[in-house]
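Here the structure comes first, spelled out in structure tokens, and everything after it is commentary.
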Amino acid sequence: MKRTYLILIVLSVALAGCHNKLKSEPVVAEPQEAQDTSHDAIYNFSFGDVELWTLKDKVNTMPAALFPDADAKIVKELMPNGEADAGINVFLVKHNGQYILFDAGLGAEKGGEMMSLLQALNIQSSDISAVCITHFHGDHIGGMLTNGDASFPKATVYCSAEEVKAWKTDKGVQKMLAAYEGRVQTFNGGETILGDIVTKAAPGHTPGHTLYQVGSVLIIGDLLHAAALQLPHPEFSAKYDQDQKMSVKTRQEYYQYIKDNHLVVAGMHLPFSGVMEDFPTK
Numbered sequence: 127m128k129r130t131y132l133i134l135i136v137l138s139v140a141l142a143g144c145h146n147k148l149k150s151e152p153v154v155a156e157p158q159e160a161q162d163t164s165h166d167a168i169y170n171f172s173f174g175d176v177e178l179w180t181l182k183d184k185v186n187t188m189p190a191a192l193f194p195d196a197d198a199k200i201v202k203e204l205m206p207n208g209e210a211d212a213g214i215n216v217f218l219v220k221h222n223g224q225y226i227l228f229d230a231g232l233g234a235e236k237g238g239e240m241m242s243l244l245q246a247l248n249i250q251s252s253d254i255s256a257v258c259i260t261h262f263h264g265d266h267i268g269g270m271l272t273n274g275d276a277s278f279p280k281a282t283v284y285c286s287a288e289e290v291k292a293w294k295t296d297k298g299v300q301k302m303l304a305a306y307e308g309r310v311q312t313f314n315g316g317e318t319i320l321g322d323i324v325t326k327a328a329p330g331h332t333p334g335h336t337l338y339q340v341g342s343v344l345i346i347g348d349l350l351h352a353a354a355l356q357l358p359h360p361e362f363s364a365k366y367d368q369d370q371k372m373s374v375k376t377r378q379e380y381y382q383y384i385k386d387n388h389l390v391v392a393g394m395h396l397p398f399s400g401v402m403e404d405f406p407t408k
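Numbering-wise (my numbering), the sequence shown opens with residue 127 and increments by one.
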């Protein structure tokens with residue numbers, strides 16, 4: 127894989143060891159080229175005919191208290207400082223001549239840096255043709271609105287029909303969806319969108335939590351939160367997971383899928399760069 131530039135972050139301990147039927151896809155004008163610029167909050171690499179950028183929306187850590195049911199000895203060993211390095215990442219992909227965002231981070235009002243990082247790449251909000259949402263937690267959809275309006279005026283929003291159903295009474299989610307009225311496409315897990323991006327149902331964290339496979343890259347959303355702990359121990363769930371037993375099953379199944387298919391992983395809560403080319407095994 128050819129890197130334009132590289133920012134390496136070594137994951138501590140564990141990483142060191144390691145419905146509406148879809149309508150026709152939108153036709154958009156070719157966006158301007160992203161600037162090849164060095165930035166300590168942007169990571170860029172290419173795989174096949176796809177180019178991906180990690181946008182570091184915010185630095186984050188995951189405290190050990192998020193895992194009250196995990197073995198205390200293991201937690202202390204793998205999280206000796208009482209927390210694990212993490213992040214809040216947004217992924218931008220250029221594919222088939224379109225710029226596609228995967229999630230939208232916290233939003234500028236809560237300290238998210240996504241929009242300023244797009245600007246650093248010389249990409250305007252109107253250049254984004256699609257936003258694929260993994261789930262509806264605030265650190266994933268906060269950037270969808272700016273001052274109450276749609277942040278991406280030309281984007282089609284893709285999200286799981288199950289996730290839309292699960293959040294139908296949430297006023298914040300409904301406000302976001304309303305801002306993109308007429309440009310929201312729902313899908314069932316397993317369907318293909320935007321030509322060849324495969325949606326992967328991953329319930330447990332939320333009912334409609336979705337992963338996205340773009341060629342050899344699997345964008346895993348919140349499949350895990352604390353890599354140092356959950357890479358070697360997928361049986362431990364964070365309190366953020368709505369159905370913890372289901373999240374364990376889902377995590378174990380996808381870990382095996384990643385290994386069997388030799389996939390690159392892009393994770394919203396992996397420490398920056400957010401990308402793992404060699405998925406560690408136990």
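Even glycine gets a Cβ: it sits at the ideal position worked out from N, Cα and C.
Computed from a predicted structure; not experimentally measured.
query = From this set, Leu181, Asn222, Ala167, Gly308, which residue's C-alpha is nearest Asp175's C-alpha?
reply = Asn222
key: Whole-angstrom distance between Gly308 and Glu209, CA atom to CA atom   = 42 Å
ask   = Can you round the beta-carbon distance between Asn186 and Trp179 to whole angstroms, since I take them to be within the 8 Å contact cut?
value = Asn186 to Trp179, Cβ: 19 Å. No contact.
message = Helix, strand or coil, according to DSSP, for Glu239 in the structure here?
response = coil
key: CB contact flag (Ala230, Met240, <8 Å)   = yes
key: Distance between Gly264 and Gly238 (C-alpha atoms, nearest Å)   = 11 Å
query = What residues in its chain sit with their C-beta under 8 Å from that of Leu389, if we drop five residues either side in the sequence?
reply = Gln339, Ser342, Val343, Leu344, Tyr383, Phe405
query = In angstroms, rounded to a whole number, what distance separates the CA positions of Lys107 and Ala167?
reply = Past the boundaries of the shown model lies residue 107; the chain is included only from 127 to 408, so the question cannot be answered.
message = In the DSSP output, which residue or residues are listed as bridge partners for Met188?
response = Ala210
Nearest neighbour of Met205, chosen from Leu357, Ala392, Val374, Gln370 [CA to CA] = Leu357
inquiry  = I need the straight-line Cα distance from Ala352 to Ile226, nearest angstrom please.
reply    = 26 Å
key: Host beta strand (DSSP E) of Thr169 (start-end)   = Just to set this straight, residue 169 is Tyr in the shown sequence, not Thr. Run containing Tyr169: 168-173, per the beta strand (DSSP E) assignment.
query = If you draw a straight line from the alpha carbon of Ile214 to that of Ser399, how long is it in whole angstroms?
reply = 10 Å
request  = Could you pull the start and end residues of the beta strand (DSSP E) that Tyr284 belongs to?
outcome  = 282-286
ask   = Out of Met372, Ala198, Lys184, which has the shortest C-alpha to C-alpha gap to Gly330?
value = Met372
ask   = So what does DSSP say about Glu379, is it helix, strand or coil?
value = helix
ask   = Along the chain, which unbroken stretches of the beta strand (DSSP E) at least 3 residues long are found entirely within the region 267-352?
value = 282-286, 310-313, 323-327, 336-340, 343-345
inquiry  = If the criterion is Cβ atoms closer than 8 Å, does the pair Leu337 and Leu349 meet it?
reply    = yes
key: Boundaries (first-last residue) of the alpha helix (DSSP H) holding Leu204   = 198-204
query = So the beta strand (DSSP E) Phe410 belongs to, where does it begin and stop?
reply = Residue 410 lies beyond the stretch modelled for the chain, which goes from 127 to 408, so this question has no answer here.
task = May I have the straight-line CA-CA distance separating Gly315 from Val324, to the nearest angstrom?
result = 8 Å
query = Candidates Gln370, Asp367, Ile319, His395: which alpha carbon is nearest Tyr284's?
reply = Ile319
key: According to DSSP, residues forming a beta bridge with Lys220   = Glu177, Tyr225
query = Thinking C-alpha only, which one of Gln224, Met302, Thr260 is nearest Asp322?
reply = Gln224
request  = Go ahead and label Ala212 buried or exposed: buried means 16 or more other beta carbons lie within 10 angstroms of its beta carbon, across all protein chains shown.
outcome  = buried
request  = Going by CA-CA distance only, name the one from Asp183, His165, Gly274 that's closest to Met394.
outcome  = Asp183
inquiry  = Within 8 Å, do at least three Cβ pairs link the region 279-299 to the region 191-200?
reply    = no
task = Compute the Euclidean distance between the alpha carbons of Leu148 and Ile200, then round it to the nearest angstrom.
result = Only weak support is given to the placement of Leu148: the predicted model assigns it a pLDDT of 32, under 50, and the value that follows is read from those uncertain coordinates. In a straight line, the C-alpha of Leu148 is about 45 Å away from that of Ile200.
key: Reduced DSSP secondary structure (H/G/I, E/B, other) of Ala392   = strand
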